[in-house]
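Engineer: First the structure, then my questions, so here it is.
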Amino acid sequence: MSHAASIPMNQPRDTPEPGVEPLVLGGRRLASRLIVGTGKYRDAGVMRAALDASGAEVVTVAVRRERLYNDKGQSLLDHLDLSRYTVLPNTAGCFSAPDAVRVARLGRELLEQLRNPGASWVKVEVLGDRKTLLPDPAGTVEATRELVKDGFQVLAYTSDDPIAAVRIKEAGAASVMPAGSPIGSGQGVLNRNNVVLCLELLKEGDAAYPVIVDAGVGSASDVSIAMELGADGVLLNTAVAHAKDPVLMAHAMRHAVLAGRHSRLAGRIPRRLYASASSPWEGVISHIPGE
């Protein structure tokens with residue numbers, strides 16, 4: 056049973072939560088720091104409801120697959136409100152830089168025809184193999200350089216290797232997107248230390264450089280952890296699309312991004328080995344007269 060009816064769907068999305076400034080990504084200011092994919096849903100109606108519940112302003116579309124039309128002449132883009140969402144085309148399924156560049160250009164052509172502001176954007180994915188779906192670092196750098204020269208705002212998917220992340224930034228990426236864990240695995244943020252290193256190195260000298268954790272999250276707590284580590288946002292798909300109730304999970308992810316961001320800004324208490332009383336010991340009654 057879907058909980059869609061119990062969730063306020065149309066809350067204003069143009070005003071950020073108190074204390075949380077907009078995310079500047081690829082030259083655009085976004086109130087929401089959650090980016091949601093459009094694949095793997097059981098039907099278009101569930102996808103639309105989940106996107107709405109997520110509060111996302113940017114949605115990803117796999118150009119290689121979604122450019123194809125079904126026997127009714129419909130594509131996924133027919134089911135998206137293109138006046139509401141900025142479409143981030145991605146090169147999912149590409150295993151070489153030249154292939155990723157071709158798919159990116161195709162995505163730009165499609166979105167220019169639809170007059171969607173995502174036409175100048177691309178999420179670059181150059182994968183190393185079909186089993187792990189881990190990124191090919193050299194191919195990602197090559198594709199990024201070529202697409203930047205071609206005028207794209209490149210958001211690049213990478214592993215949590217800090218050095219690979221830096222090389223991609225040096226190639227001109229507008230944002231580097233390290234994976235929390237392998238695509239679709241639901242394992243969460245496996246190596247928090249590496250994500251922190253990625254953040255430190257990528258933001259060195261440019262604290263505003265946007266770093267998005269992309270891939271592997273499975274629950275709202277995973278999203279909150281990514282944000283508490285200092286990520287500027289989270290991109291996810293499977294965690295919502297394959298949840299038992301995708302709409303309710305999308306709503307949970309929406310709040311997890313905010314909770315994690317607020318927690319990061321508020322500053323957590325230090326971890327201690329021993330307990331620390333929440334009330335002072337002074338004035339504690341240690342003896343009652345007459346006993």
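In terms of my numbering, the sequence shown opens at residue 56 and continues consecutively.
Yeah, the Cβ is synthetic: ideal placement off N, Cα and C, and Gly gets one too.
Here the structure is a predicted model, which means the values were calculated and not measured.
Could you please give the first and the last residue of the uninterrupted beta strand (DSSP E) stretch that includes Gly-92?
Structural biologist: Run containing Gly-92: 89–92, per the beta strand (DSSP E) assignment.
Engineer: Measure the CB-CB distance between Val-295 and Val-91 and report whether it falls below 8 Å.
Structural biologist: Going by C-beta atoms, Val-295 is nearer than 8 Å to Val-91.
Engineer: According to DSSP, simplified to helix, strand and coil, what is Val-268?
Structural biologist: DSSP places Val-268 in strand when its eight states are reduced to three.
Engineer: When the distance is taken between beta carbons, is Leu-80 closer than 8 Å to Ser-230?
Structural biologist: In contact: Ser-230 and Leu-80 (Cβ atoms closer than 8 Å).
Engineer: For the beta strand (DSSP E) that Thr-213 lies in, which residues bound it at each end?
Structural biologist: Counting along the chain, the beta strand (DSSP E) containing Thr-213 begins and ends at 208–213.
Engineer: Where DSSP assigns a beta bridge to Asn-145, which residues make up the other side?
Structural biologist: BP columns for Asn-145 point to Ala-117, Lys-178.
Engineer: For Pro-153, does the count of other Cβ atoms within 10 angstroms reach 16, so buried, or fall short, so exposed?
Structural biologist: Exposed, since its Cβ has fewer than 16 Cβ neighbours within 10 Å.
Engineer: Of the choices Met-304, Lys-224, Ala-332, whose alpha-carbon is the least far from that of Gly-260?
Structural biologist: If we check each option's Cα against that of Gly-260, Lys-224 comes out closest.
Engineer: Pull the bridge partners of Pro-233 from the DSSP assignment, please.
Structural biologist: DSSP, once it has assigned bridges, lists Thr-213 as partnering Pro-233.
Engineer: Inspect the CB distances between the stretch 187–196 and the stretch 132–146 and report whether three or more fall short of 8 Å.
Structural biologist: At 8 Å Cβ cutoff, the stretches do not touch.
Engineer: Decide yes or no for the touch test of the stretch 248–262 against the stretch 195–204: beta carbon pairs closer than 8 Å, at least 3 of them.
Structural biologist: Result no; under three Cβ-Cβ pairs closer than 8 Å.
Engineer: Is the stretch 314–324 in contact with the stretch 102–120, if contact means three or more CB pairs nearer than 8 Å?
Structural biologist: With the cut-off at 8 Å, the stretch 314–324 and the stretch 102–120 do not touch.
Engineer: Only counting the same chain, and skipping five residues up and downstream in sequence, which positions put a Cβ closer than 6 Å to that of Ala-305?
Structural biologist: Contacts found: Ala-105, Ala-108, Ser-109, Val-295.
Engineer: Going by beta carbon distance, what residues of the same chain come within less than 8 Å of Ser-333, once the five residues before and after it are set aside?
Structural biologist: Here the set comprises nothing.
Engineer: Assuming Pro-217 and Leu-252 form a contact by the criterion Cβ under 8 Å, report the distance between their Cβ atoms to the nearest whole angstrom.
Structural biologist: About 4 Å; that satisfies the 8 Å criterion.
Engineer: At the level of alpha carbons, what is the spacing between Thr-213 and Asp-300?
Structural biologist: Using only the alpha carbons, I get a separation of about 29 Å.
Engineer: Using CA coordinates, which residue listed in Val-203, Lys-204, Leu-291, Ala-193 is at the minimum distance from Gly-235?
Structural biologist: Checked all of Val-203, Lys-204, Leu-291, Ala-193; the closest Cα to Gly-235 is Leu-291.
Engineer: Can you have a look at Leu-98 and say buried or exposed, based on whether 16 or more other CB atoms are within 10 angstroms of its CB?
Structural biologist: The sequence given here places Asp at residue 98; Leu does not occur at that position. Exposed, by the Cβ-count rule.
Engineer: Whose C-alpha, out of Leu-320, Ile-324, Gly-285, Val-302, is nearest the C-alpha of Glu-111?
Structural biologist: The sequence shown places Ala at residue 111, not Glu. Here the closest residue by C-alpha is Val-302.
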